[in-house]
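Q:
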Amino acid sequence: MPTYQAPRGMRDLLPEEAAGFDRLLAVTLARAQRYGYPRIVTPVVEDREVFLRSAGETSDTAGKEMYDVSLHGQGGLALRPEGTAPVVRAYLEHGLHRAPQPVRFFYWEPMFRGQRPQKLRWRQFWQWGLELFGAAEAIADVEIIDFTNGLLAEVGLTDFVLKVNTVGDTASQATVKAALVEYFSAYRDELDDDCKQRLEGSVLRIFDCKNPNDRKIAEGAPKIRDLISDEDRAHFAEVTEGLDRLGIRYEIDDRTVRGFDYYTRTIFEFILTDPEFTQAGDIAVAGGGRYGGLVRTMGGPDVPGTGIAGGVDVLYFALKKQGVKIDESVDADVYVLSGDPNDGADRIQIATPLREAGFRVAIDYSKRSLDKQLESAVKHGAKVAVIRGTEESRGGKVIVRDLMAKEQRVTRLAAVVVEVGRHVPKRPKPRLIDEPGAAGETPFLTDPKS
RNA sequence: GAGACGCUGGUGUAAUGGCAGCACAAGAGGUUGUGGACCUCUUUGUCGGGGUUCGAAACCCCGGCGUCUCCCCA
């Protein structure tokens, strides 16, 4: 019999880890909603062009890591490698640039890159992100940072630093690039091969070079902030002043640049500081910035954008490393068992009202002896056993046994929910519509006709 | 895309080129209907495909996957 493995660079989220991801999603989504960022869901597959176009000049490297998709031999599609381009595409396709601006989106999606797997780098991974269109103000960048800072604080991540920088607007970037090319060209022969290539392509990324000699050369390079326009500097000053006002700690790091061309002015990264994550260079738990020209590049009007994307897997492992406890319980709290080997349907009938009430209930259908069923319930992590004993069932009663305290009580069927509730928690039941007036809140107006 | 190292039941691990074993986990049963113990029994493996050899988990080649480094990192 053949045995299969998950494709390279892809992994299963087994129930506990999936439960952890669900928790992170719930927290992040709720925060996004509180900030006025509704969720958008775009297809996993887009035209390759959507990504190549947004990537800009560095598109050859982007294309190389694209996860191509073909259908019936027809290509031209790719699995989404990042979240911004599809959101821009949707924003334009649905005419949302004509909606009242600004427009905000939150997303949480799997992403795919055809890269060689490494620590915390898979071919399928998850990202959350925010996109904010139509706000040129520097404080919009601060909003994105504030969101992320608050999110990390809420989930309990502390071992990180926020680095911010500015790369100037599109016009300034030409000046910056020209100046940097001029500077580094003087050292062309000293640069290692990789960086020599960056000299041709994206000069800014020379600052990311790892070669010590290259770094030394880079230290003497003209400062980006001296080359950009006064307006760029004023914009950046507003960002840092905003962060100061909000008490958000950050470092200004001249060498923080991002991989893609579309960033203008503000860029920022939340970098993990635990040694486990700093050995092979910086690992960002989230990063983003302002993209002044992207909407236009994608065929739309001249609308500014700003946003961020965060790695869910990275966040998850960073939290684990920090010892943050995420509730990943997946076990049923209650097990229904019976001494009568042929009463499976009765067991379901006992479970039903408990489930309706919000308890997690699993049933043992086996015909094993009661002690084996109890043992099994304990091994499955149950806290309470509801036992249909042969004696008690004749009187319409069941036994509710606390498996931790090893105490039990005979109860009428009608009282099982109450009795079980004394030992294990009810889980909140999701609803399609929030109940008005719940938790003492002002009821929302509802349409009386509906 | 390039390189280095690795891969033995579900998990963790043994086995000079010479009988693939152990522990835990899992399943069935028992201790004669209230549990994690104990006892008995059982299931399950050399990543895949070739080659060398009387004989391969081990040596060689190809492939798969993982970890790490480079590249890249939207």
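Add 2 to the 1-based position in the first sequence for this note's numbering, that's all there is to it. Beta carbons are placed, not taken as given, at the ideal position from N, Cα and C, and that holds for glycine. In this text the structure is predicted, and so the values were computed from the model without any measurement.
1) Grouping DSSP H, G and I as helix and E and B as strand, with all else coil, what is A407?
2) Do K374 and L405 have their beta-carbon atoms positioned less than 8 Å apart in this structure?
3) For L79 and V47, which I take to be in contact (beta-carbon distance under 8 Å), what is that distance rounded to the nearest angstrom?
4) Taking 8 Å as the cut-off, decide whether the C-beta atoms of P303 and R292 are in contact.
5) Using only CA atoms, which one of N215, N213, D210 and L206 lies nearest to R227?
6) For F53, which beta-bridge partners are listed by DSSP?
7) So what does DSSP say about R357, is it helix, strand or coil?
8) How would you write the range of the beta strand (DSSP E) that T308 sits in, first residue to last?
9) By the 10 Å Cβ neighbour count, where 16 or more other Cβ atoms means buried, how is L16 classified, buried or exposed?
10) How many angstroms separate the CA atom of A359 from the CA atom of I435?
11) My output table needs one value for V259: the three-state DSSP class, helix, strand or coil.
12) With DSSP run on the structure shown, which of helix, strand or coil describes P112?
13) For the stretch 176-190 against the stretch 149-158, do three or more pairs of beta-carbon atoms, one drawn from each stretch, fall closer than 8 Å, so that the two count as touching?
14) Quick check: what's the CA-CA separation for D195 versus A64?
15) Cutting at 7 Å between CB atoms, please list the residues of its own chain near S378, excluding the five before and the five after it.
16) Across the stretch 96-104 and the stretch 130-146, are there enough close Cβ pairs to call them in contact, namely three or more that are closer than 8 Å?
17) Taking the Cβ atom as the reference point for each residue, do S231 and S187 lie within a distance shorter than 8 Å?
18) Taking the alpha-carbon positions, what's the P432 to Q35 distance?
19) Should E18 be labelled buried (16 or more other beta-carbon atoms within 10 Å of its own) or exposed?
20) Considering only residues of the same chain and omitting the five flanking positions on each side of W124, which have a CB-CB separation below 6 Å?
21) How about R357 and V363: are their beta carbons less than 8 Å apart?
22) With distances taken Cα to Cα, identify the nearest neighbour of I208 among A8, I401, T266 and D256.
23) Kindly provide the ranges of any alpha helix (DSSP H) runs that are 4 or more residues long and lie completely inside the stretch 138-224, ordered along the chain.
24) Could you tell me the distance, in whole angstroms, from the CA atom of R390 to the CA atom of V336?
25) Suppose the cutoff is 8 Å on Cβ atoms and the five residues either side in sequence are ignored; what does the same chain contact list for P430 look like?
26) Please classify V419: does DSSP put it in a helix, a strand, or coil?
27) Can you check which of these residues, G131, Q120, K218 and E253, is closest to Y111 by C-alpha distance?
28) Return the first residue and the last residue of the alpha helix (DSSP H) that L229 is part of.
29) What separation, rounded to the nearest whole angstrom, lies between the Cα atoms of A334 and G313?
30) For D49 and G38, I'd like the C-alpha separation in whole angstroms.
31) Please report the distance separating the alpha-carbon of F162 from that of P83.
32) Could you please give the first and the last residue of the uninterrupted alpha helix (DSSP H) stretch that includes E243?
33) Mapping the DSSP letters down to three states, classify Q126 as helix, strand or coil.
34) Can you give me the C-alpha to C-alpha distance between R251 and E243, rounded to a whole angstrom?
35) For the beta strand (DSSP E) containing V287, list its first residue and its last residue.
A: Let me spell this out:
1) Taking the first sequence and counting its residues from 1, the one referred to as residue 407 is at position 405. DSSP places A407 in coil when its eight states are reduced to three.
2) Here residue 405 refers to the residue found at position 403 of the first sequence. Here residue 374 refers to the residue found at position 372 of the first sequence. The answer is no: Cβ separation not under 8 Å.
3) As a first step, residue 79 must be located in the first sequence, where it is residue number 77. As a first step, residue 47 must be located in the first sequence, where it is residue number 45. Contact between L79 and V47 holds: CB atoms are separated by about 5 Å, below the 8 Å threshold.
4) Locating residue 303 in the first sequence gives position 301, where the first residue counts as 1. Locating residue 292 in the first sequence gives position 290, where the first residue counts as 1. Taking 8 Å as the Cβ cut-off, P303 and R292 do not qualify as a contacting pair.
5) Translated into positions along the first sequence, residue 227 becomes position 225. Of N215, N213, D210 and L206, the residue nearest in Cα terms is L206.
6) By one-based count along the first sequence, residue 53 stands at place 51. Partner(s): none; F53 has no beta bridge.
7) As a working note, residue 357 is residue 355 in the first sequence. R357 falls in the helix class under three-state DSSP.
8) Here residue 308 refers to the residue found at position 306 when the first sequence is read from its first residue. Looking at the DSSP string, the run of the beta strand (DSSP E) that includes T308 is G307 to G313.
9) Stepping through the first sequence from its first residue, residue 16 is reached at position 14. Answer is exposed; the Cβ neighbour count stays below 16.
10) Translated into positions along the first sequence, residue 359 becomes position 357. Translated into positions along the first sequence, residue 435 becomes position 433. For A359 and I435, the distance between alpha carbons rounds to 18 Å.
11) For the purposes of this step, residue 259 is taken as residue 257 along the first sequence, with counting starting at 1. DSSP places V259 in coil when its eight states are reduced to three.
12) Locating residue 112 in the first sequence gives position 110, counting from the first residue. P112 falls in the strand class under three-state DSSP.
13) Judged by Cβ distances under 8 Å, the stretch 176-190 makes no contact with the stretch 149-158, as fewer than three pairs qualify.
14) Along the first sequence, one-based indexing puts residue 195 at 193. Along the first sequence, one-based indexing puts residue 64 at 62. If I take the Cα positions, the gap works out to 20 Å.
15) By 1-based counting over the first sequence, the position of residue 378 is 376. Annotation for S378: D366 place their beta carbon closer than 7 Å to its own, counting only its chain and skipping 5 residues before and after.
16) yes
17) Within the first sequence, residue 231 is the residue found at index 229, counting from 1. Within the first sequence, residue 187 is the residue found at index 185, counting from 1. No.
18) As a first step, residue 432 must be located in the first sequence, where it is residue number 430. As a first step, residue 35 must be located in the first sequence, where it is residue number 33. One C-alpha to the other measures close to 17 Å.
19) Counted from its first residue, the first sequence places residue 18 at position 16. E18 comes out exposed.
20) For this step, residue 124 is matched to residue 122 along the first sequence. Excluding residues within five positions, the ones whose Cβ falls inside 6 Å are G11.
21) Within the first sequence, the letter at position 355 stands for residue 357. Within the first sequence, the letter at position 361 stands for residue 363. Yes. Within cutoff.
22) In the first sequence, residue 208 corresponds to position 206, counting from 1. Checking every option, the nearest Cα to that of I208 belongs to D256.
23) 140-157, 172-187, 195-202 and 214-221
24) On the first sequence, residue 390 is found 388 positions in, with the first residue counted as 1. On the first sequence, residue 336 is found 334 positions in, with the first residue counted as 1. If you draw a straight line from the Cα of R390 to the Cα of V336, it is about 13 Å long.
25) One-based indexing of the first sequence puts residue 430 at position 428. Closer than 8 Å at the Cβ level, and outside the excluded window around P430, lie G360.
26) Numbered from 1 along the first sequence, position 417 holds the residue referred to as residue 419. If DSSP states are grouped into helix, strand and coil, V419 belongs with the helices.
27) Taking the first sequence and counting its residues from 1, the one referred to as residue 111 is at position 109. Correcting the residue type first, residue 111 is Glu in the shown sequence and not Tyr. Per the Cα distances, G131.
28) If you number the first sequence from 1, residue 229 lands on position 227. Here the alpha helix (DSSP H) through L229 covers I226 to L229.
29) Indexing the first sequence from 1 puts residue 334 at position 332. Indexing the first sequence from 1 puts residue 313 at position 311. If you take the alpha carbons of A334 and G313, they lie about 30 Å apart.
30) Along the first sequence, read from residue 1 onward, the residue named residue 49 stands at position 47. Along the first sequence, read from residue 1 onward, the residue named residue 38 stands at position 36. When rounded, the distance between both Cα atoms is 29 Å.
31) If you number the first sequence from 1, residue 162 lands on position 160. If you number the first sequence from 1, residue 83 lands on position 81. For the pair F162 and P83, the Cα-to-Cα distance works out to about 25 Å.
32) Start at 1 with the first residue of the first sequence, and residue 243 comes out as number 241. Looking at the DSSP string, the run of the alpha helix (DSSP H) that includes E243 is D232 to L248.
33) Position 124 of the first sequence, counted from the start, is the residue given in the question as residue 126. DSSP places Q126 in strand when its eight states are reduced to three.
34) Position 249 of the first sequence, counted from the start, is the residue given in the question as residue 251. Position 241 of the first sequence, counted from the start, is the residue given in the question as residue 243. Their backbone Cα atoms lie some 11 Å apart in a straight line.
35) By 1-based counting over the first sequence, the position of residue 287 is 285. Unbroken beta strand (DSSP E) run through V287: A286 to Y293.
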